[in-house]
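Protein chains in written order, with our numbering: chain A, 828 to 1242; chain B, 40 to 517. In this text, a Cβ means the ideal position worked out from N, Cα and C, and glycines have one as well.
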Amino acid sequence: MKEQLQKDFDNTIKNLSLSQKDIEIKKFYLDSFVNRGFPNRKEEDWKFSDLSQIIKKNIGELSFYTDYTSTNKIDTSVYVDGLEHNKIVFINGRIEKIDFDYEKKNQIEIIDQSETIDQFNNNNSLSDLNNAFTNKSFKVLIKKGYQLKKPLIIYHTTNSNIWSKNINLRLNFELDNDSSLRLIDLFNDTSEKNFLNIFYNFDLKENAILKNYKIDRFESKNIKYSYNNIEQAKNSNSETFILSSGSNFFKNEINTNLKGKYSSAFVNGIFSLNKDKHHEIRTTINHLTENTKSYQLIKSVLEDGSKAAYQGKIFVNSEAQKTDGYQLSKAILLDKTTEFNAKPELEIYADDVKCSHGSASGSLNENSIFYLMTRGLNYKEAKELLINGFLLDVIEKITDREIKNLIKNMIGVKE
Amino acid sequence: MREKEIEKLKDYKYGFSTDIENIKAPKGLNEDVIKFISNIKKEPEWMLNFRLKAFERFKQLKEPNWQKPKYPKIDYQDLYYYSAPKSMDDKPKSLDELDPKLLETYKKLGIPLQEQKRLNGIAVDAVFDSVSVATTFREELTKHGIIFCPISEAIQNHPELVKKYLGSVIPTTDHFFATLNSAVFTDGSFAYIPEGVRCPMELSTYFRINASNTGQFERTLIIADKGSYVSYLEGCTAPMRDENQLHAANVELIALDDAEIKYSTVQNWYPGDKDGKGGIYNFVTKRGLCKGKNSKISWTQVETGSAITWKYPSCILRGDNSVGEFYSIAITNNHQKADTGTKMIHLGKNTKSKIISKGISAGFSDMTYRGLVDISSKANNSNNYTQCDSLLMSNKCGAHTVPYIKNKNSESNIAHEATTSKISEEQLHYCQQRGLSAEEAVGLIVNGFCKEVLQQLPMEFAVEAQKLVGISLEGSVG
């Protein structure tokens, strides 16, 4: 893999006009990645999902260079119907379209950061990989007091032009005071056997509101890793919803730093898996100051050899008095081939806090099924109704009504 | 009167050391020392081989470093691995022949063997430094066919049992500290309860580290044969010393068909002084195997001592319908650190486990609950319930919860709950309104918080434990 990395790195650098200093920085990260390799189960954070093995098994040898000189044609059929929205379209990792037609032009700024190196560190080797290989990165700046009228949908599409490739993406968002953004990440692949490595950074200033919905719904043989870092100032609010369902492997990481008083973070997620899929969500909520709040709810329905893991951590440092932290994960295992692993973690250094977590996993309650069957439903209907209700609980947590309905329709959950 | 009492209890009650001449093995860890230990104990060859095999393995192992409480590196070559009171050379036949100074020590500890013999009806095996010094009530136990003796004696007299079970739960190929123990363990208790016998009294061991610079490595092996029942108590103390002392014991429990073992620990090793100087490193491996059908193993622990406590009493639920339980109170004060919890490994069908863990941290201390619940794909219809609550008593301490939950069986259920909070102002106010002082109110609330676990202890221990809880938190209110 080392030679391949070096060769692909040289090709990538060639197409970028970087200063010598920046090349050095990129080289540094390349070396770091070469040393560490893909994360494996020996690392605590990857205990339940050995990425190194998963890549070996599903893809084999990866290559890291993609030619971005030519444009790809956008297949407009992937666009979401029935919801007016702004768009950013990625095809095979290349930004093909940025469209904020519904918004006031002077309130949003798109800054091309390709020529500047902005480093990302999350202590795993995938950030090194991303730092070394990202070639275009943009920053979306929402100006003071501006609230986007329509949601922004980021389409992550890949097509059959790529195979056994590693794609690295990077986006930065800055939400200035009193601004708000609704963001949907939509994954849609027609390619197979690629590894997507996506890093987002959100910087929320005072009173800013971020709503981020990550939807991985379509069947795909690709392997995906997504890392969101969210910095929150006073009174800001972030809401993240993850639907983890379509890809062969997907690990979502959410890292939130609650740095300002009265800031709050909500993370909700659904695993709905079948066919030997393996997904993971890992959250870290850092309560760093007084009066902050976090709430997490993760529900899973697993069948047919699938595997889900949830690692959630609430960290409270000694200044963060009056913290309110809550976390709950529930899983239904529909058959014997499935597996659910959880590691809900509390690390607390302040005494005036209210923190709790709960985790439960097991089968569908036969008594409830029996009850429904006595009311005239057949076994299948009863089961579906129960699962429906189980998942609806999470979807009801979505605070944006328009998007809630969209997601409900997407996964066919009824009220 | 009350103040006087508090003053007395404020410091470590068991911090005296007894002036008794000791025989020590040469300092350091090597094959010769292991042979020396084996030789002095007149062990058969298979036992020596067991030790050497473990030592071979130990040399390849690296000291683990994933735990929360970090400690300065231990120099394993700078420890004495064997220390025995000299007067033990000619073993006393009965208690009356014991060194009076030893007896005095135990009296100070609150386990007057003589009195206990008469009054309590608890059979005691006391381990002083590394050697078992007295076993009471032996005759009464022999009547029922129960074997309760120091493990070194069991190696001589019941080799077939020891050979069969020693290392069957904690093999010589286990982790760093367990393997070290397998290589150098000096003594400990052995109990065998024959088929169908309900042990008529509580069995008890008292451990004490006396000599300085000594590691204590005792080994306990308890076998409950088919349909038997035993309740076993363990207590520990050590004198005050400035340096840290290592205690790495191994405890193996084996429950055959329909047998039940109840193992209770009140651990009160010297915790170090107020600034965190000195104290015991309590790195103990405790593991129980529910080997037979319908067997049950229950761990109860009250952990108040030690500079660092790092242990996870576990149950391997192999037999169908077997049950594992874990009840724990862990209290850390001043600069104490604890990383403790349990592992419940469900292998058999219809197995059940229950974990109740209560952590209280005060002062500058740090407390972690770390646990594993693993339900394998064959363990149909199994259940686990876990509850771990933490109470924080100051804003300089930490409380952490790190459970690992693995479910591979769709017919099985796991439920886990954890909370962290401080004593609420409302509760305090309510108690104080009724005329309790702040300190009494906190004591009452803490006792209520711990009640679920204290209830699991045998009567005599429950009283001691309740007192210990009070002592440990003394001065942390306000």
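{"Asked": "Selection from A/K963, A/N1004, A/T961, A/N950 that minimises the alpha carbon distance to A/Y973", "Found": "A/N1004"}
{"Asked": "Sub-8 angstroms separation of B/Y320 and B/L285 beta-carbons", "Found": "yes"}
{"Asked": "Residue interval of the alpha helix (DSSP H) (run including A/S1072)", "Found": "Taken as a continuous stretch (DSSP letters only), A/S1072 belongs to no alpha helix (DSSP H), as it is neither H nor E."}
{"Asked": "Short CB-CB distance (under 8 angstroms) between A/N1168 and chain B", "Found": "yes"}
{"Asked": "Cβ neighbour criterion (16 or more within 10 Å) applied to B/A418", "Found": "buried"}
{"Asked": "Pair within 8 angstroms by beta-carbon distance, A/N1118 and A/Y1089", "Found": "yes"}
{"Asked": "For A/E1130, the three-state DSSP class (helix, strand or coil)", "Found": "coil"}
{"Asked": "CB contact flag (A/T1110, A/K1140, <8 angstroms)", "Found": "yes"}
{"Asked": "Proximity below 8 angstroms, CB of A/R868 to CB of A/S952", "Found": "no"}
{"Asked": "Contact residues within the segment 415-448 of chain B, judged by C-beta distance below 8 angstroms to chain A", "Found": "S416, S429, L431, M432, S433, N434, K435, C436, G437, A438, H439, T440, V441, P442, Y443, I444, K445, N446, K447, N448"}
{"Asked": "Beta-carbon gap between A/Y1052 and A/L1031 smaller than 8 angstroms", "Found": "no"}
{"Asked": "In chain order, each beta strand (DSSP E) run of at least 3 residues that lies wholly inside the segment 334-359 of chain B", "Found": "335-342, 347-350, 353-356"}
{"Asked": "Outcome for B/Q406 when other beta-carbon atoms lying within 10 angstroms are tallied against a minimum of 16", "Found": "A small fix is needed here, since residue 406 of chain B is Met in this sequence, not Gln. Classification for B/M406: buried."}
{"Asked": "Contact under 8 angstroms by Cβ, B/V305 with B/F500", "Found": "yes"}
{"Asked": "Cut-off 7 angstroms between Cβ atoms - residues of its own chain near B/I453, not counting five sequence neighbours on either side", "Found": "V412, I414, N423, I444, N446"}
{"Asked": "With 16 other Cβ atoms within 10 Å as the buried cut-off, status of A/L1233", "Found": "buried"}
{"Asked": "Interface partners of A/K1163 on chain B, CB under 8 angstroms", "Found": "S416, N448, S449, E450"}
{"Asked": "C-beta neighbour in chain A for B/T390, strict 8 angstroms", "Found": "no"}
{"Asked": "Bridge partner(s) assigned by DSSP for A/Q990", "Found": "Position check: residue 990 of chain A holds Trp in this sequence, whereas Gln was assumed. A/E1019."}
{"Asked": "Neighbour list for A/D1179 in chain B, Cβ cutoff strictly below 8 angstroms", "Found": "N434, K461"}
{"Asked": "Within-8 angstroms CB hit, A/A1187 to chain B", "Found": "yes"}
{"Asked": "Contacts that A/H1114 makes with chain B (C-beta to C-beta distance below 8 angstroms)", "Found": "The contacting residues do not exist; A/H1114 stays about 12 angstroms from chain B at best."}
{"Asked": "Check whether A/L979 and A/F860 have beta carbons under 8 angstroms apart", "Found": "no"}
{"Asked": "The segment 1075-1091 of chain A touching the segment 1112-1127 of chain A, judged by at least three CB pairs closer than 8 angstroms", "Found": "yes"}
{"Asked": "Touching by the beta-carbon criterion (3+ pairs, under 8 angstroms), the segment 1007-1027 of chain A and the segment 985-994 of chain A", "Found": "yes"}
{"Asked": "Buried versus exposed call for B/D128 [16 or more other C-beta atoms within 10 Å across all chains shown]", "Found": "Residue placement at B/D128 is poorly supported in this model, since its pLDDT is 45, which falls under 50; the coordinates are not used for a value here."}
{"Asked": "Cβ contact (3+ pairs, closer than 8 angstroms) linking the segment 351-361 of chain B and the segment 372-386 of chain B", "Found": "yes"}
{"Asked": "C-beta atoms of B/R90 and B/S221 nearer than 8 angstroms", "Found": "yes"}
{"Asked": "Contacts that B/E456 makes with chain A (C-beta to C-beta distance below 7 angstroms)", "Found": "G1185"}
{"Asked": "Per-residue burial, B/K98 [other beta carbons within 10 Å of its own, 16 or more giving buried]", "Found": "exposed"}
{"Asked": "Selection of the segment 289-301 of chain B by Cβ proximity to chain A, strictly under 9 angstroms", "Found": "none"}
{"Asked": "Min CB distance B/I384 to chain A below 8 angstroms", "Found": "no"}
{"Asked": "Close-in-space but distant-in-sequence residues of the same chain around B/G315 (CB under 6 angstroms, 5 per side omitted)", "Found": "H374"}
{"Asked": "Paired residues, beta bridge with A/T984 - DSSP", "Found": "A/I918, A/N1015"}
{"Asked": "Neighbour list for A/I1175 in chain B, Cβ cutoff strictly below 8 angstroms", "Found": "S429, L431, G437, A438, H439, T459"}
{"Asked": "A/L1218 at chain B interface by Cβ criterion, 8 angstroms", "Found": "no"}
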